[in-house]
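Our numbering numbers the first residue of the sequence shown as 455 and each following residue consecutively. Note that CB positions come from ideal geometry on N, CA and C, so glycine has one too. Contents: one structure, followed by commentary.
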Amino acid sequence: MLRQSTRHRMLQSLFWNPVGQRLVPRITKLGRIFDTVVRGYSLMGISNGERWLSSLLEQDPVIFDVGFHDGESSSELLAVRPNARVHAFDPSRFAKSAHDTRFGDDARVSFHNMAISDAPGVLTFYDYENMCNSLAPRKDDLDQTAQTYDVPVSTLDSVCAKEGIASINFLKIDAEGYDLNVIEGARGLLENQSIDIIMFEFASGWAATKRYLWEADALCKDVPYKMFHMFNGFLCPFVYDVRKDSCCTLPAMYVLISEKRLARGNIPMRSYSF
């Protein structure tokens with residue numbers, strides 16, 4: 455077996471010549487495609503497991519959709535569980551308009567035009583044309599400019615207390631980097647295992663808020679929840695590795711499940727080590 459340094463020099467000679475330079479983009483693209491599938495690094499709702507995960511819910515679940523955006527997730531969830539009761543949250547003006555257009559007369563969906571985080575109050579909201587709206591300013595594109603306005607902020611603990619909601623079957627979070635803040639604002643619910651399943655997105659927004667995946671892993675050690683990497687059809691127990699914190703290049707979906715819900719079974723799992 456050739457030494458690593460020898461293999462590296464051979465590949466340099468192979469790729470960094472006129473012919474190799476033309477092949478590199480194609481090989482790299484192919485590698486990304488395989489990596490996306492094998493490691494589940496995808497945010498596409500149809501194929502990344504979101505639709506499959508919703509099929510594990512009760513027939514009439516209570517669902518919280520934090521990061522409603524255009525209502526696509528709520529629509530997908532209701533297609534799978536038409537008897538669900540959905541509480542949707544989003545502070546953007548676009549989301550309010552989208553809800554009124556898509557679900558205006560649908561009694562199953564209650565829309566809350568507010569942000570959800572780890573503490574109540576009022577914060578500045580950054581509204582981008584590319585719809586990566588957030589409580590944090592972002593610079594995925596240096597030419598981006600945001601429309602800013604103040605929005606009311608609450609926590610899931612406060613909302614549930616106010617609305618008289620004792621438990622949540624499914625909490626979907628897509629808060630463009632504020633996902634962990636949302637979970638931290640549900641501390642009381644978590645300690646009582648009042649949320650069965652939590653799904654959150656780990657992507658470039660986390661860099662804007664300076665939050666890390668290891669923090670989510672650490673949180674699970676303080677509450678009766680287990681963390682999983684989500685795939686399309688099964689979950690994989692999460693084992694932290696610093697390389698998984700590269701959210702700008704490796705976006706993925708993760709799931710927290712209460713020990714009480716895990717004890718009920720019927721959640722397919724596989725153990726993979728990458």
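In the structure shown, residue 689 falls within a strand segment according to DSSP collapsed to helix, strand and coil. Shortest Cα-Cα distance from residue 530 to any of 507, 551 and 548 involves 507.
Remark: three or more beta-carbon pairs, one from each stretch, lie closer than 8 Å, so the segment 491-503 and the segment 706-715 are flagged as touching. Bounds of the alpha helix (DSSP H) holding residue 553 are 547-557.
Assigned with DSSP and collapsed to three states, residue 623 falls in strand. The C-alpha of residue 565 lies about 29 Å from the C-alpha of residue 682. Membership of residue 575 in the beta strand (DSSP E) is indicated by the continuous run 575-581. Annotation: the continuous alpha helix (DSSP H) that includes residue 466 extends over 458-469. With fewer than 16 other Cβ atoms inside 10 Å of its own Cβ, residue 669 counts as exposed. Three or more Cβ pairs closer than 8 Å define a contact, and the segment 621-628 falls short of that threshold against the segment 596-607. Assignment of residue 522 by DSSP, reduced to helix, strand and coil, places it in the coil class. For residue 580, the closest alpha carbon among the candidates 591, 571 and 633 is that of 591. Inter-segment contact for the segment 606-613 and the segment 570-578 is present: three or more beta-carbon pairs are separated by less than 8 Å.
Rounded to the nearest angstrom, the gap between the Cα atoms of residue 718 and residue 712 is 10 Å. Taking 9 Å as the cut-off, the Cβ atoms of residue 724 and residue 692 do not count as close.
When the alpha-carbon of residue 626 is set against those of 601, 726 and 540, the nearest one is in 540.
The segment 518-537 makes contact with the segment 555-565: 3 or more CB pairs, one atom from each, lie closer than 8 Å.
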